[in-house]
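Scroll down for the structure; my scribbles are underneath it.
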Ligand SMILES: [Zn+2]
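In our numbering, the protein residues as written are 232 to 422.
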């Protein structure tokens, strides 16, 4: 799947924030929502600048961005359940709340690409608006089915399926092999 790199980066950021900041289960292990310095690291670890670097925002900015994560999770859960009405309603609400501003920027090759900026140049508003717009573009295209929740037992981490055939079902290779191994054991037990 040939994602536009800006869109791909926004969707990766959405999935990264959900996985790093929302409580639940990760590959059979319970996970709690991080707080304080851990939360700050979790947010910056989920984001990549256009030049591929981790951003270095202030603590207050990552705190505000962290608050977006549960709302992003709802979008992945709705698309995974095939409930596009619910997903679209949630994305429209995010777009309303974050006011993305489309703008043409030159990419590294010198070509103009459509990017989404925030209502101002602050770190958290820029990322929030960009992510909301990125989810809107995905849901308004044939990428809607590419946002999923891990199908492995005891895991609710999310993913963006960038595979050619769109057949991804798990958050990670670890969950995929966990499910494969369980199926293998079940076959050998004869049930
Ligand atoms: Zn998983």
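Cβ coordinates follow ideal geometry from the N, Cα and C atoms, glycine included.
(1) Reducing DSSP to helix, strand and coil, say where residue 232 ends up.
(2) Indicate whether residue 245 and residue 365 have their beta-carbon atoms separated by less than 8 Å.
(3) Could you name the residues, in chain order, whose CB is less than 6 Å away from a heavy atom belonging to ligand 1?
(4) Starting from the Cα of residue 267, find the closest Cα among 285, 323, 298 and give me that residue.
(5) Does the distance from the CB of residue 339 to the CB of residue 349 come in under 8 Å?
(6) For residue 343, does the count of other Cβ atoms within 10 angstroms reach 16, so buried, or fall short, so exposed?
(7) Using only alpha-carbon positions, find the residue among 238, 251, 236 that is nearest to residue 402.
(8) So the beta strand (DSSP E) residue 261 belongs to, where does it begin and stop?
(9) Using a threshold of 8 Å, state whether the C-beta atoms of residue 395 and residue 379 are closer than that.
(10) Pick helix, strand or coil for residue 413, following the three-state DSSP scheme.
(11) 8 Å is my cut-off, CB to CB: does residue 374 come that close to chain C?
(12) In the DSSP assignment, find the alpha helix (DSSP H) that holds residue 337 and state where it starts and stops.
(13) For the beta strand (DSSP E) that contains residue 371, what are its first and last residues?
(14) Inspect the beta-carbon positions of residue 333 and residue 363 and report whether they are closer than 8 Å.
(15) Can you check which of these residues, 261, 286, 302, is closest to residue 357 by C-alpha distance?
(16) Using the rule of at least 16 other Cβ atoms within 10 Å of the residue's Cβ for burial, across every protein chain shown, is residue 345 buried or exposed?
(17) Is residue 401 helix, strand or coil by DSSP?
Walking through what the data contain:
(1) Your numbering for residue 232 matches position 1 in the chain shown. With a pLDDT of 42 at residue 232, under the threshold of 50, the modelled position of this residue cannot be trusted; read the value that follows with caution. Here DSSP, grouped into helix, strand and coil, assigns residue 232 to coil.
(2) By one-based count along the chain shown, residue 245 stands at place 14. By one-based count along the chain shown, residue 365 stands at place 134. For residue 245 and residue 365, yes; Cβs fall inside 8 Å.
(3) Counting every residue whose Cβ lies closer than 6 Å to a heavy atom of ligand 1, we get 258, 381, 383, 386, 388, 401, 402, 403, 406.
(4) As a first step, residue 267 must be located in the chain shown, where it is residue number 36. Cα-wise, what sits closest to residue 267 is 298.
(5) Here the question's residue 339 lines up with position 108 in the chain shown. Here the question's residue 349 lines up with position 118 in the chain shown. Not a contact, by the Cβ cut-off of 8 Å.
(6) Within the chain shown, residue 343 is the residue found at index 112, counting from 1. Exposed.
(7) Indexing the chain shown from 1 puts residue 402 at position 171. Measuring from the Cα of residue 402, the nearest candidate turns out to be 251.
(8) Working through the chain shown from its first residue, we reach residue 261 at position 30. Note, residue 261: beta strand (DSSP E), 260–262.
(9) Within the chain shown, the letter at position 164 stands for residue 395. Within the chain shown, the letter at position 148 stands for residue 379. No; because the gap between Cβ atoms is not below 8 Å, this pair is not in contact.
(10) For the purposes of this step, residue 413 is identified with residue 182 of the chain shown, where counting begins at 1. In the structure shown, residue 413 sits in a helix (DSSP, three-state: H, G or I).
(11) Of the chains in the structure shown, none is chain C; there is only one protein chain.
(12) Taking the chain shown and counting its residues from 1, the one referred to as residue 337 is at position 106. Per DSSP, residue 337 lies in no alpha helix (DSSP H); the unbroken beta strand (DSSP E) holding it starts and ends at 332–337.
(13) Numbered from 1 along the chain shown, position 140 holds the residue referred to as residue 371. Going by DSSP, residue 371 is part of no beta strand (DSSP E) at all; its letter is neither H nor E.
(14) Translated into the one-based positions of the chain shown, residue 333 becomes position 102. Translated into the one-based positions of the chain shown, residue 363 becomes position 132. Contact: no.
(15) Sequence index remark: in the chain shown, residue 357 carries index 126 (1-based). Nearest in C-alpha terms to residue 357, of all of 261, 286, 302, is 286.
(16) As a working note, residue 345 is residue 114 in the chain shown. Exposed is the label assigned to residue 345, since fewer than 16 other Cβ atoms lie within 10 Å of its Cβ.
(17) Translated into positions along the chain shown, residue 401 becomes position 170. Here DSSP, grouped into helix, strand and coil, assigns residue 401 to coil.
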